[in-house]
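Let me begin by presenting the structure, written as structure tokens, before commenting on it.
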Amino acid sequence: MKNEGEMANRPDNTAFTQQRLPAWQPVLSAGIVIPGFVLIGLAFIGIGVALFVTSQKIQVLETDYTGAEQGSPCYDCRDTSVPCVCRVNFSLSKLFEGPVFFYYGLSNYFQNYRQYGSSRDDDQLSGYTSAFTSPSETCAPYQYNSQKKPIVPCGSVANSMFNDSFKLYHVVNGQPRPVPLDGKGIAWWTDYNIKYRNPTVNGTLASAFADTVKPINWPRPAYDLDTTDPSNNGFQNQDFIVWMRRAALPNFRKLYRRITEGDYANGLPAGNYTLEITYNYPVLAFDGRKKVVFSNVSWMGGKNQFLGIAYLVIGSLCIVMSVVMLIVYAKYKFPEDEL
Amino acid sequence: MESLLSLGKRKPRKNGLQRKRRVGAWNMTLDEEDEELMRSYSGNKIRTTKYTFLSFVPKNLFEQLHRFANVYFVFLSALNFVPIVNAFQPEISLIPIVLVMSVTAVKDMWEDYRRRKSDWQVNGQLCEVYDRTQQRYVKRRWAEVCVGDLVLLGCNDIIPADMVLLHSSDPKGVCHIETANLDGETNLKQRQVVRDLPQQGPDFNPENFSSRIECENPNNDLRRFRGYMEHPGKVRVGLHNDNLLLRSCTVRNTERVIGIVVYAGHETKAMQNNSGPRYKRSKLERRLNVDVLWSVALLFLMCFSTAVGHGIWLRGLKGAVFLIPDDISPALAGFYMFWTMIIVLQVLIPISLYVSIEIVKLGQIYFIQNDLDLYNPRLDAGIQCRALNITEDLGQIQYLFSDKTGTLTENRMLFRRCTVAGVEYPHHENAQSLEQYEEQFGGAADHTLTLRSRSSRKSVSCRSLSCNHSSVSLNTLAAESDSNSFDDTLHRQAQGAFSSTMECAVVPDPQLGQKLKVLSAPLLGRLKHDATELSHIVDFFLALAVCNTVVVSSPSQPRHVVQMPVARTPLRSLEEMKALLQKVSLPRFALSPSQNSDGSPGFTKRLFNRGRSATYTPNAPTTPAARAPTPSLTPTHTPSPCSTPVLLRSGAWGQEEEQPRQSDADDGPAAEEEEKDDSDEEDKLLYEAESPDEAALVQAARAYGCTLLGRSPEQLLVALPGTGPLSVPLLHVLPFHSARKRMSVVVRHPLTGQVVVYTKGADSVIMELVGRKTSDDQREIMEKTQRHLDDYAKEGLRTLCIAKRVLEEGEYEDWLKRHVFAEASIENREELLRETAQMLETKLTLLGATGIVDRLQEDVPETIEALQRAGIKVWVLTGDKQETAVNIACACKLLRPTDQLLTLNCDIKEDCETLLSELLEQIGVSERRHASGCEDGLAVGDRGGFMLVIDGRTLDFALEAELQGAFLELTGSCRSVICCRSTPLQKSKVVRLVGEKLGVMTLAIGDGANDVSMIQVADVGIGISGQEGMQAVMSSDFAISRFKHLRKLLLVHGHWCYTRLANMILYFFYKNVMYVNLLFWYQFFCGFSGSTMTNSWVLIFFNLLFTSVPPLMYGVFDKNVSAQTLLSLPQLYKHGQNSKAYLPSTFWLTILDAFYQSLVCFFIPYFAYAGSDIGLFSFGSPINGSALLIILLHQIIESRTLTWLHFAVFLCSALLYYIFVLVFSIICVTCNHPTNPYGIETKVMSEPLYYCVCAVTTVLALLPRMLCRGLYNTLCPSDVVKAGLIDKLRPEDYSASVCQWQENSEAIYHNQNPRHLDKNLSVNADIPTDCTPETGSVLS
């Protein structure tokens, strides 16, 4: 009917071009906000209670063993230039439910320092031998030693690996009885099985590390990290991998062992315990602290009351605000609506 | 010439120093220097592209780096390559700038490609160029044409370059061109072959052409061309605009034309006028740049504090095992850290903001251009957005400056009434029929015919006033349309847009008709007085018919101008009539009955016919006699002076008188139909005039039997009442000029043979020129005419005076010599010509004056009212008379009956000063009185009720520096201002003054060349594509076709564009500050070391990909209020006017909210994970996740409309983020040192804690905004929010609410108006302040 030529420039009459698309128009007025807040508030209080209760159930035992104060067990070991062993005693009044996670913790320790973080060679850690002979520039100054020999694993992160070691004894009838500590599976599965690879070479692992030197601070080379378990050596060493995953915040803890075996599978029974610490790692120079932490975990991780409280507070805040708004609304709005 | 030649010899290459250009044909006669010179002129190839293949990369880069933001980001990327400060891998920080710049580059490339394609097309067109070697015309591409080429063009060919016309197949040496491509005017323009060309034969031999042309250097003035042609015999002929064929125009009506190219390619006038799109910076953008600077300041502050923190932190740590030992002192490390942080926090400066704004504006323009309501089906044209980057300015207009004619009115002139020799002829029936036509037009009957009847005609009809449409077709179509339901929009738009027959038909005034009848009665006894009057009347109508530049063409061949008849109608009767005229005294020549002797309608028609077609049988006079419809009309063939006067009387006028009667009896169209049935082609003359009033006058003359039948440069063909076509030798045309305000023609009177000057012009000018030493009669006539003119003006009519002067032969000879001299001179030709014109236009005899009605465009009053309600001050700047202007203001409701009219007219500055202060004082008094009377106390800005009228002369004083202040103060208290008799320069001065001194957003709207300067000065210039060509459109930012479109453009699109863009920009700032602050807070926990808890890819992509599209949607699609509500509640416009959506406080509140949200978003995860074994990037994961959620939900809260498109985009954004991080954490084992995202996200997201953290963070972050919005919207909702709420109501509630709101605001609105002021307030007011509806109705 219409002449096409005549109307060539006529815009299309579609909902889109005429901006008539059906739309939802959210106007945040009391009508939406009040019920919304009530709903959110109720939900949050519910979650908050659950979180709080869960968190309350978690048992945590924390002991600082830095030895900064005079009289503390490891005070004498402050000088890390000589090997030193100190013991920390503690007692449990009731069963510490298992599985118990055994952490070491550091404070004022900035693993998230930028230059520190990039001071590593991913190729080395992935087992590429080419990177053994010439480590990445990013590792400097822990790239070569003074003899210009490549350091493997290079870089600051590896070099500063935490090297205190712990042994836990359950004192039964005055006799210390070692608590078996499970060092397997403390690192992420992906890290241990995919990300960190030892070089594939014929012969021993040590031969792969020929012509390289260990990091300056390390007592033993990488292929000899775990003297007790040959398969836990090289880069595929659980402790090493745990250390290499840098902590987000300056006060952190890292998983050391789990207590899952033998008589302690259900947890640590009440009684006295002795923790034997081989004190190597210096932290006092920069005002750092070291601690050990025993904790069991829940579905939401370790003990953290903050989240539960936050939920509860915010949930109740929502309720309060909706009530306030309701009052305000009733007082100011209703008469106007009559208009 | 000699000096020029020597100059040419000395400096042949320095074109800049040469003031003239010399052109000759490429043949043997050309000497070497000339050839060399001509080669130096640019060729006809055009290149509008900016880039070539090779230059694209460097040139585009260079252009992009002109943008400060790009330089900044290039600098940042470079900084990242400096090892000591680098924050990311260097490649990563290149991504944003490369992405942004390549998006821009692709856009530029695409635009350039389109230009290249059109260049190819243009350059590749073929035309016939004379080839000297082959001795014939050969086809060549346009690109190969060069200066000096002889080009042969046929009918309907497009002209390839500016050429001087040398030959035309038309025997008169005339050629017609259509300049629509150039200026949009579709009327034909005549061009003339250079005069006195040696070889003026039917064939033009290029070999023999050896004349040389000297003309001015290329310039962009389309209406001026000066130069001369030197023929071999050293004879010089002046060249002017009439000899020049302009590039890109079309040849019409002429079979063959040959021209010589004088300007080619980029030197042609068309190309010189071709300026690309306009770039303006909008107010919002200026505001935005300020805030970008604030962001920079914020960035520096953050970086500085990090740098200081890092220094202190380093100083406090000595020998920490995790530190990298180096020799850098803490202070230096701090300094380095500053730069690192600039890289890390770079996102704070929204790099993608500028690109996003450009994209959003493109989207907004897309929607504006696609709006059906802004589409005019009559012209098949929508709105044209010529400036791409000031859409949001449309939403902030505070002052609107409007032209009157063609903008508020149709610029479709209709003859309304006239006064001749001091006698007023009110033309009541004409007025009635106009009104009738109005009513009929209001009905639904004939709206669709527009489309149909036009399709059968050419588009000329809508542009020029033409009366060719047969109402038969009109009626049938109307009937047909009743059954066809056409689109509603079309229905509305068609109204009032069409010039139908009714509109053009002038119903003769009976009194005037009677007078002319008396003329035919040989009662020579009554007498001299009458005779003088009658000769006046005839002269008057002859003047109307000839004193113009109207081109006549016929609808059957719309593009063919009616040719002059071959036979000059040497009628027996005419000869005798002339003979008689010799006998009768001059004033009484008109009494000669012989001129009426052949005047039966049938016969007249035949005669007209004869005038039209040369093939008509020469014995025409006898044939119609036999076929005359009524015996009484049988004409006498014996040209006896005294024969059958009675019959003649009825014969001459019978038909004309019948017409209105019939119209009364039947419906208009029916009568038309009948008339059409027996009328022949005579009625189908098309008058194409450059200005519509000319056509209206010709039309009017025709109604009285003075018909203009044809025009050639040398003569006019005119039919006088009762005579056949008379050839009127046209001696000169002194064209209209805005300074002279008049035009004249010099003709040899067809009957008396005397040289007569007919002048037509503005009353003020003509009245002055009319001889002072005239008889009492003349003086009396002048006085009476002046009175009538005043009446006309009060009625809102446009007035023109007609005068004549009879020249003695000797006088004429003298003048002719001067004139020829003036025409041939190049230097100051215009001045000389003006002088000679002035010599001629003196001692005039006033014949009479005409009143032309210019109807208001449809919906103008409504639009103006809506705009005023929207808080826009509307000023009318017009060149018209004060009375006319005031009346139009009345008609379009700019001036309300309750308003006080303040008039500011004075002749000297001192008066102006006193007047100003006097008016100000009185306004102050009345304000105070009003304030004390009503306690409400109106806001100062909302004063209304005063209307200032100022004339051009006074405006000059008011614009002077000393009086500016007072003037602006006065206008500030007036609701509206009318400046009449203002020149284009004054218009632009006013706009500039208001814009600069008051610091307001101005909009100028106009349709003609005289509005161009004001359109360019205003913040937003709008051109109306109408009758007056395209100059206004070419210089405008937006071009619309009707004034009423302004309403939707401003109130709806302006409002939307402004709110959308403002909200989007704020959102952008928010988004960036919020996200960047997360990184900043983290610095407190990583030793201020520039470490990030997010891997750098996510960091860069977060703004660039994951959250970039939602704001675009926001900027393009969001509608805070529906179009319907915005239109019915214009006051909502104030939202944008007062920049409510984007105030400095809004910006800082947004930043504050961003700070709060980032605090929440960082510290909740921080406390949730504090002391745990959380890894660096595992910690970042919930923070990023919740940031994304917060940012997207924040937008949902801010959005006013959410369509499925929004949700789709939101979903895509979120999905894109999650897919990206998950895929990245699955495949990237060691790819991103030192981040190594492998396994992180998958692990973190598998823990419930992640979701717990995200949920609580998101809710807490958005809580305050939701709360504030909720409380605010409930307790004290802004107008916009209220309107938004109304939109959500059901239809019946909706209309009730809107009505109520309207009433409420009506009360407020009118509260401001009623003022009880002393009547003496209007100083110097001789205009009645009461504006009666009757006067208005005439106009509307």
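Going down the list, the sequences are from chains A and B. To get the working numbering, take the position in the first sequence, counting from 1, and add 24. To get the working numbering, take the position in the second sequence, counting from 1, and add 478. Virtual Cβ for every residue (Gly too), placed ideally from N, Cα, C. In this text, all values refer to a predicted model and were calculated from it rather than measured experimentally.
query = Considering only the beta carbon of each residue, do Leu-1187/B and Leu-1163/B sit closer than 9 Å?
reply = yes
Review point. Anyone know if the C-beta pair for His-1014/B and Gly-1329/B falls short of 9 Å?
Key: no
Task: Cut-off 7 Å between Cβ atoms - residues of its own chain near Leu-1610/B, not counting five sequence neighbours on either side - done: His-1533, Val-1599, Leu-1604, Asp-1757, Val-1758 and Ala-1761
Of all the options Leu-1666/B, Val-607/B and Thr-1681/B, which has the alpha carbon lying nearest to the alpha carbon of Val-1737/B? Leu-1666/B
**Asked** Counting Cβ pairs, one atom from each stretch, are 3 or more of them under 8 Å apart for the stretch 279–291 of chain A and the stretch 208–227 of chain A?
**Response** yes
Next item on the list: Anything in the stretch 1566–1594 of chain B with a Cβ closer than 7 Å to a Cβ of chain A? List those residues in chain order, please.
Entry: Ser-1567, Gly-1568, Ser-1569 and Met-1571
_Contacts that Val-1699/B makes with chain A (C-beta to C-beta distance below 8 Å)_ = The contacting residues do not exist; Val-1699/B stays about 15 Å from chain A at best.
Going by DSSP in three states, Val-1599/B sits in which element: helix, strand or coil?
coil
Worksheet item: Is Leu-45/A helix, strand or coil when you go by DSSP?
Response: coil
Residues near Lys-1282/B by beta carbon distance below 8 Å, same chain, minus five either side: Asp-1017, Ala-1021, Val-1234, Val-1235, Tyr-1236, Thr-1237, Leu-1322, Thr-1323 and Leu-1325
| task | For Phe-551/B, collect the residues of the same chain with a Cβ closer than 6 Å to its Cβ; drop the 5 residues on either side in sequence, then sort them by chain order. | result | Ile-575 and Ile-829
* To do: In the DSSP assignment, find the unbroken beta strand (DSSP E) run with Gln-199/A in it and report its ends.
  => 199–202
*Could you list which residues in chain A have their beta carbon closer than 9 Å to that of Tyr-1236/B, in chain order?*
Near Tyr-1236/B there are no residues of chain A at all, since even the closest Cβ is about 41 Å away, more than 9 Å.
Between the alpha carbons of Met-1479/B and Asp-1485/B, how many angstroms are there, rounded? 20 Å
Judging by CA-CA distance, which residue of Leu-643/B, Met-1591/B and Asn-719/B is the nearest neighbour of Pro-684/B? Leu-643/B
inquiry  = Does chain B have any CB closer than 9 Å to the CB of Val-62/A?
reply    = no
Please check if any C-beta of chain A sits within less than 9 Å of the C-beta of Met-1744/B.
yes
**Report entry** Cβ separation of Ala-1181/B and Pro-986/B, assumed to be a contact under 8 Å, to the nearest whole Å
**Finding:** 5 Å
* **Identity of the residue in Phe-1558/B, Ile-1493/B, Leu-1590/B and Arg-1678/B nearest Ser-1636/B by Cα** => Phe-1558/B
Discussion item. Just checking: is the beta-carbon of Leu-52/A within a distance shorter than 9 Å of some beta-carbon in chain B?
Written reply: yes
task: Would you kindly check if the distance between the Cβ of Tyr-1634/B and the Cβ of Val-1482/B is under 9 Å?
output: For the sequence presented, residue 1482/B should be read as Ala rather than Val. Contact: no.
> Where does Lys-1612/B fall in DSSP's three states?
Replying inline: helix
Reduced DSSP category for Lys-118/A - H, G, I as helix; E, B as strand; rest coil
coil
If you draw a straight line from the C-alpha of Gly-1430/B to the C-alpha of Asn-1581/B, how long is it? 56 Å
Checklist entry - Beta carbon of Glu-606/B, beta carbon of Gly-521/B: below 9 Å? => result no
Contact with chain B by Leu-85/A, beta-carbon distance below 9 Å: no
### Task
Run the CB neighbour count on Lys-1465/B, radius 10 Å, all protein chains shown included, and call it buried at 16 or more, exposed below.
buried
Per DSSP, the bridge partner or partners of His-1672/B: BP columns for His-1672/B are empty, so no partner.
**Asked** Which residues of chain A have a Cβ atom closer than 9 Å to the Cβ of Ala-859/B, listed in chain order?
**Response** Asn-33
(request) Give a yes or no on whether the C-beta atoms belonging to Leu-557/B and Val-563/B are separated by under 9 Å. (result) yes
Just how far apart, CA to CA, sit Val-316/A and Phe-125/A? 10 Å
inquiry  = 9 Å is my cut-off, CB to CB: does Ala-975/B come that close to chain A?
reply    = With a pLDDT of only 30 at Ala-975/B, under 50, the local geometry of the prediction cannot be trusted, and no value is derived from it.
Can you tell me which of His-1297/B, Gly-991/B and Ile-806/B puts its alpha carbon nearest to the alpha carbon of Val-898/B? Gly-991/B
Grab me the residues of Phe-559/B's own chain with a C-beta within less than 8 Å of its C-beta, minus the 5 sequence neighbours each way, in chain order.
-> Pro-568
**Asked** The alpha helix (DSSP H) with His-1684/B in it runs from where to where?
**Response** 1682–1705
- Query: Using a Cβ cut-off of 7 Å, which residues of the stretch 256–287 of chain A contact any Cβ in chain B, in chain order?
  - Reply: Arg-269, Arg-270, Ala-271, Ala-272, Leu-273, Pro-274, Asn-275, Phe-276, Arg-277, Lys-278 and Leu-279
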